[in-house]
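Here the protein sequences come in this chain order: W and X.
Mapping to UniProt numbering: the first sequence position 278 is 278, numbers consecutive.
Mapping to UniProt numbering: the second sequence position 476 is 476, numbers consecutive.
I have placed the structure first, in the form of structure tokens, so that the comments after it can refer back to it.
There are 2 protein chains.
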Amino acid sequence: MAALHHYFPILTWGRSYSRVTFADDLLAAVIVTIMLIPQSLAYAMLAGLPPEVGLYASILPLAAYAVFGTSRTLAVGPVAVVSLMTASAVGEVAAAGTADYLTAAIVLALLSGAILLVMGILRLGFLANFLSHPVISGFITASGLLIAIGQFGTILGVPVRGDTLPEIGTALFANAQAINVPTLVLGVLTLGFLYAIRLRLKAMLMRLGLGSRPADMIAKAGPVFAILVTVVAVKLLDLGARGIALVGEIPQGLPVPGWPVIDLGVVQALFVPALLISLIGFVESISVAQTLASKRRQRIVPDQELIGLGAANIASGLSAGYPVTGGFARSVVNFDAGAQTPAAGLFTALGIALATLFLTPFLADLPRATLAATIIVAVLSLVDFGALWRLWAYSRTDFAAMAATIIGTLLLGVEPGVVLGVVLSLVLHLHRTSRPHIAIVGNVEGTEHFRNVDRHQVQTVPHVLTVRVDESLYFANSRFLEDRIAELVAERPALRHVILMCSAVNAIDSSALESLEEINQRLKDSGIRLHLSEVKGPVMDRLRTTQFLAHLTGGVHLSQFAAMRATD
Amino acid sequence: MAALHHYFPILTWGRSYSRVTFADDLLAAVIVTIMLIPQSLAYAMLAGLPPEVGLYASILPLAAYAVFGTSRTLAVGPVAVVSLMTASAVGEVAAAGTADYLTAAIVLALLSGAILLVMGILRLGFLANFLSHPVISGFITASGLLIAIGQFGTILGVPVRGDTLPEIGTALFANAQAINVPTLVLGVLTLGFLYAIRLRLKAMLMRLGLGSRPADMIAKAGPVFAILVTVVAVKLLDLGARGIALVGEIPQGLPVPGWPVIDLGVVQALFVPALLISLIGFVESISVAQTLASKRRQRIVPDQELIGLGAANIASGLSAGYPVTGGFARSVVNFDAGAQTPAAGLFTALGIALATLFLTPFLADLPRATLAATIIVAVLSLVDFGALWRLWAYSRTDFAAMAATIIGTLLLGVEPGVVLGVVLSLVLHLHRTSRPHIAIVGNVEGTEHFRNVDRHQVQTVPHVLTVRVDESLYFANSRFLEDRIAELVAERPALRHVILMCSAVNAIDSSALESLEEINQRLKDSGIRLHLSEVKGPVMDRLRTTQFLAHLTGGVHLSQFAAMRATD
Numbered sequence: 001m002a003a004l005h006h007y008f009p010i011l012t013w014g015r016s017y018s019r020v021t022f023a024d025d026l027l028a029a030v031i032v033t034i035m036l037i038p039q040s041l042a043y044a045m046l047a048g049l050p051p052e053v054g055l056y057a058s059i060l061p062l063a064a065y066a067v068f069g070t071s072r073t074l075a076v077g078p079v080a081v082v083s084l085m086t087a088s089a090v091g092e093v094a095a096a097g098t099a100d101y102l103t104a105a106i107v108l109a110l111l112s113g114a115i116l117l118v119m120g121i122l123r124l125g126f127l128a129n130f131l132s133h134p135v136i137s138g139f140i141t142a143s144g145l146l147i148a149i150g151q152f153g154t155i156l157g158v159p160v161r162g163d164t165l166p167e168i169g170t171a172l173f174a175n176a177q178a179i180n181v182p183t184l185v186l187g188v189l190t191l192g193f194l195y196a197i198r199l200r201l202k203a204m205l206m207r208l209g210l211g212s213r214p215a216d217m218i219a220k221a222g223p224v225f226a227i228l229v230t231v232v233a234v235k236l237l238d239l240g241a242r243g244i245a246l247v248g249e250i251p252q253g254l255p256v257p258g259w260p261v262i263d264l265g266v267v268q269a270l271f272v273p274a275l276l277i278s279l280i281g282f283v284e285s286i287s288v289a290q291t292l293a294s295k296r297r298q299r300i301v302p303d304q305e306l307i308g309l310g311a312a313n314i315a316s317g318l319s320a321g322y323p324v325t326g327g328f329a330r331s332v333v334n335f336d337a338g339a340q341t342p343a344a345g346l347f348t349a350l351g352i353a354l355a356t357l358f359l360t361p362f363l364a365d366l367p368r369a370t371l372a373a374t375i376i377v378a379v380l381s382l383v384d385f386g387a388l389w390r391l392w393a394y395s396r397t398d399f400a401a402m403a404a405t406i407i408g409t410l411l412l413g414v415e416p417g418v419v420l421g422v423v424l425s426l427v428l429h430l431h432r433t434s435r436p437h438i439a440i441v442g443n444v445e446g447t448e449h450f451r452n453v454d455r456h457q458v459q460t461v462p463h464v465l466t467v468r469v470d471e472s473l474y475f476a477n478s479r480f481l482e483d484r485i486a487e488l489v490a491e492r493p494a495l496r497h498v499i500l501m502c503s504a505v506n507a508i509d510s511s512a513l514e515s516l517e518e519i520n521q522r523l524k525d526s527g528i529r530l531h532l533s534e535v536k537g538p539v540m541d542r543l544r545t546t547q548f549l550a551h552l553t554g555g556v557h558l559s560q561f562a563a564m565r566a567t568d
Numbered sequence: 001m002a003a004l005h006h007y008f009p010i011l012t013w014g015r016s017y018s019r020v021t022f023a024d025d026l027l028a029a030v031i032v033t034i035m036l037i038p039q040s041l042a043y044a045m046l047a048g049l050p051p052e053v054g055l056y057a058s059i060l061p062l063a064a065y066a067v068f069g070t071s072r073t074l075a076v077g078p079v080a081v082v083s084l085m086t087a088s089a090v091g092e093v094a095a096a097g098t099a100d101y102l103t104a105a106i107v108l109a110l111l112s113g114a115i116l117l118v119m120g121i122l123r124l125g126f127l128a129n130f131l132s133h134p135v136i137s138g139f140i141t142a143s144g145l146l147i148a149i150g151q152f153g154t155i156l157g158v159p160v161r162g163d164t165l166p167e168i169g170t171a172l173f174a175n176a177q178a179i180n181v182p183t184l185v186l187g188v189l190t191l192g193f194l195y196a197i198r199l200r201l202k203a204m205l206m207r208l209g210l211g212s213r214p215a216d217m218i219a220k221a222g223p224v225f226a227i228l229v230t231v232v233a234v235k236l237l238d239l240g241a242r243g244i245a246l247v248g249e250i251p252q253g254l255p256v257p258g259w260p261v262i263d264l265g266v267v268q269a270l271f272v273p274a275l276l277i278s279l280i281g282f283v284e285s286i287s288v289a290q291t292l293a294s295k296r297r298q299r300i301v302p303d304q305e306l307i308g309l310g311a312a313n314i315a316s317g318l319s320a321g322y323p324v325t326g327g328f329a330r331s332v333v334n335f336d337a338g339a340q341t342p343a344a345g346l347f348t349a350l351g352i353a354l355a356t357l358f359l360t361p362f363l364a365d366l367p368r369a370t371l372a373a374t375i376i377v378a379v380l381s382l383v384d385f386g387a388l389w390r391l392w393a394y395s396r397t398d399f400a401a402m403a404a405t406i407i408g409t410l411l412l413g414v415e416p417g418v419v420l421g422v423v424l425s426l427v428l429h430l431h432r433t434s435r436p437h438i439a440i441v442g443n444v445e446g447t448e449h450f451r452n453v454d455r456h457q458v459q460t461v462p463h464v465l466t467v468r469v470d471e472s473l474y475f476a477n478s479r480f481l482e483d484r485i486a487e488l489v490a491e492r493p494a495l496r497h498v499i500l501m502c503s504a505v506n507a508i509d510s511s512a513l514e515s516l517e518e519i520n521q522r523l524k525d526s527g528i529r530l531h532l533s534e535v536k537g538p539v540m541d542r543l544r545t546t547q548f549l550a551h552l553t554g555g556v557h558l559s560q561f562a563a564m565r566a567t568d
């Protein structure tokens, strides 16, 4: 039973569901639905898919997450970065606009769902931790730029395809003479309108006496106003005839659940992209879910979140949708609007289903440039070059990881970019720990304290050398320690004792143990005894299972002070 | 000038060269030369190359290392594992016995030399640290097995080719009916003879009154006796006519220095193998060099060693040789025989040059089975399954890395095997540090000490939670910390303060810093203050460059005791 409740969180919150929470959830769902309609159409367009696919990806996936997810307020559905990654991945295996392209997107959702499910069941959520903040931050900034520049083409009336900055740039310049002026005017006006709403509307509404929260909600519905206004403009001024690209006929009605015809070659080609989409989507989703949950002291279970997102993606694939994850902006709106339980997600799904049934005829006259403008405004808020300078101040290695991810993503595309960032941040981390800080320490006169000889006025004696290693000892730094000690010993002809102060050593792996044996043996050959001091309990427990302590020429001392007295 | 001496260690030791060291070096060189002649022929055969290539690889490379190397006693030349790796790599791009095969081996030496040189100049020696002891140990054990089984074919008179255990095994069984009985008899007798010498000769000689060291030297020359005896037997009994494969005509004379015709496709195909050969060769070489140097309190400079080995490999490639490195057994003999300076290497090179000029006619009648027997005896001493059980007792992860490397190398071949081992050991290391030990600590009554509540009888209060993280905080574990704290907080409704005890935190990267900001913010949203205690100096220096301390809701306390008092 406990296991059932673990895997189906709906059994826990569903039991105590009340009329009050129903009202709260319903209000939040209405607001999120209004926000999600334009977003789902826009992100589907960004993914190179027909607009209805965005709507389909906003119905069943939300219901699936409501059953399996542990966040009370996460709003699942299409998001910008995952849509860009979808376009990049699917564009490799099929031509845009074909039935194969759509099928590949569906397969990608199923594959990504399966990967997330398996990761959740096998508790592999820790894999997502290898995406460091600088890499994610750099990736999102670069993706935001790629998306904005690509959508800029739609606003110029010259939609461009391309996975990298050079490709998109070349396509833009090559088609520069094809710019459609009415589209450009409409696009720029919409952009200006959206920015004005974003920057001014909330303050205006508050001056009119509205509270901060409702004012914020209304301001966030800016894209809806833009859609209403431009659709009406298209109808009144017959802008379609002036060359403004419209969304066009959207099939009315709910998606027909079904299983796509799966080509094994496509699955193989999409596996790595699906893995990256899963990891990036999971990291984005869990981070907003954690932030919101902690505001109400609720708990997120990361491995169950993987299952929730996996179920959502499988539901998306089974209902002709494409990969989804938890979106940042929508989740915050859902939370602020008062959503109490995942039922809000169920009601949002219902809202989108109703929109799919009844609203689609109205959307046929929607200019694509309007959607492009909403995307640009949304993604430019993701671009954060300021993070680069903050990182520069704090850590050059983290700066390098973020800069490499940005440059890699812009020049090579989303997948190579993120892989480059992950590999580089791992290598830099290993490089750092492979050259740990090793201090020579001496006694602070009159005390039992020992400090770095380079930083403090301390006493040392020529026949004893004490080194403190500020890092766990493992294979990547064990040889460094050997080299460093050999070097220090070679400089000190009077040396008779070496004390290794282990207060900062949290672990010693077998490579490091062999290095210690080696160091002990070499020192012995030179007539020098090796001592350890301040070894931590768990490390000592491990050492006791080996022959090392029997071979050790010196002693193991509880404190550095005791070690010094033993070498007198 | 200092730089010149750094890059040319010969300028340092050469200046103080004396007649006494000359005599010592010369004696050592004579002994090593006697040992090296059969080894160089045997390892060339193992690499699938004509025997003279082994001799060529034992002349100029030794001279080059004597100029650039920092070890006084390292004996450079062909070694077993690198020869196996050469056979595997070159076998991928050319058919054994062809001129292309020889050229590819030469290109491999040049490539490996260039990689080592570049690594030395860019100080990338730390890359070798990513080969953990379990991986190297597993790789050498598996290589030893592969070599021994392959050479067993030569002893049966059915030489087999193959890079993996299944391939070699299949080839052996497929050719089982082709066994040549005279070869088998000769091979088994030689094996028995070599083992008898290895196990008994030293003790026998010592009983006859010889000192331990000369007795050891003579015992190590066992292969030379085997060669003498079997060549004489071949001549007397005309064994060549009985189907015993002989080494055959060896071109008399020194190698003609030259630059091979280099095919870019071959270079590309050999790059990764050359990198692996460089790393494995370097690790093996540096480890014996360090061990020997420390016995005389001398210093090895790892980055300069890369340059020394790089120069040796380039010299090998320029003189029709194949990849070389510092050999364990020969270096120990060189050291024990009294070598004082790298001049011993120069004299050994001279010795091999003389052998190439005058000894080769005699070696034409050498049975290949004799060489195979010497290889088997040499490599079986590399096989160390005992290490597996020692690792099992100390660390399951290290055991897994070694076992995977052995199995991977046996089943997939040398390159995939070592890559698998490296990747697995990195993943296991990251996995371990991604789930650090996090202890809840309490006060030991009446003291200022704080200990794990699970291990000790300590006091805690319900409104304060103190956690101690036993690991540096970085991207792979920062989210784990977030999750763990969120979990602990959700269980404690009375909580008002969280203290993070940082005594074991050696570094905080920017991802972890963002996580701390996140934790601080979330705790603030829940009305809980976050404090830090016992932050190390360098970590605190870093934190001072950020806004984190300004945002921190609680304080930073010098000791955990002070932190507890501040939360009263």
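Built from N, CA and C at the ideal position, the CB exists for glycine as well.
Everything numeric in this text was worked out from a predicted model, so none of it was measured.
- Cβ contact annotation for W:A42 (same chain, cutoff 6 Å, sequence separation greater than five): L371, T374, I375, in chain order.
- From the beta-carbon of X:E534, no residue of chain W is found nearer than 8 Å; the closest lies around 11 Å away.
- Residue W:P182 holds the alpha-carbon nearest to the alpha-carbon of W:D238 among W:V261, W:E249, W:P182.
- Per DSSP, W:S285 lies in no beta strand (DSSP E); the unbroken alpha helix (DSSP H) holding it starts and ends at 264-295.
- Setting aside the 5 residues that flank it on each side, W:S425 is surrounded in the same chain by S132, V135, A401, each with a C-beta closer than 6 Å to its C-beta; the list follows chain order.
- If you ignore the 5 residues before and after X:K235, its C-beta comes within less than 8 Å of the C-beta of D365, all in its own chain and listed in chain order.
- For X:K202, the nearest beta carbon of chain W is not closer than 8 Å to its own beta carbon.
- Taken in chain order, the whole alpha helix (DSSP H) runs of length 4 or more contained in the segment 49-87 of chain X are 51-56, 60-68.
- Counting along the chain, the unbroken alpha helix (DSSP H) around X:G150 starts and ends at 133-156.
- A straight line joining the alpha-carbon of W:V118 with that of W:L275 spans about 11 Å.
- When Cβ-Cβ separations below 8 Å define contact, W:T545 makes contact with chain X.
- Residue state for W:V556 is assigned as strand, using DSSP reduced to three classes.
- In this structure, W:G321 sits near W:V53, with a CB-CB distance shorter than 8 Å.
- Taken through DSSP and simplified to helix, strand or coil, X:V418 comes out as helix.
- Residue range 302-318 is occupied by the alpha helix (DSSP H) that includes X:I314, with no beta strand (DSSP E) assigned at that position.
- Among the residues of the segment 419-432 of chain W, those with a Cβ less than 8 Å away from any Cβ of chain X are S425, L426, H429, L430, H431, R432, in the order of the chain.
- Beyond the five residues adjoining it in sequence on each side, X:I115 comes within less than 7 Å, by CB distance, of A274, L275, S278 in the same chain, given in chain order.
- Counted as a single uninterrupted DSSP element, the stretch harbouring W:A221 is not any alpha helix (DSSP H), since DSSP gives it neither H nor E.
- With a threshold of 8 Å between beta carbons, X:F475 makes contact with chain W.
- Taking CB atoms only, X:T291 has a neighbour in chain W less than 8 Å away.
- For the segment 180-214 of chain W, the set of positions with a beta-carbon nearer than 9 Å to some beta-carbon of chain X is empty.
- Chain-ordered listing is empty here: chain X has no CB closer than 9 Å to the CB of W:F328, the nearest sitting near 14 Å.
- Within 10 angstroms of the beta-carbon of X:Q177 lie fewer than 16 other beta-carbons, which makes it exposed.
- By the neighbour-count criterion, in which a residue is buried when 16 or more other Cβ atoms sit within 10 angstroms of its Cβ, W:G169 is exposed.
- Listed in chain order, the non-local C-beta contacts of W:G442 below 6 Å within the same chain comprise V453, V458, Q459, T460, local neighbours out to five positions each way being set aside.
- With the criterion set as a beta carbon lying under 8 Å from some beta carbon of chain X, the members of the segment 112-128 of chain W are F126, A128, in sequence order.
- X:I438: member of the beta strand (DSSP E) spanning 438-443, first to last residue.
- For W:R484, the enclosing alpha helix (DSSP H) begins and ends at 475-490.
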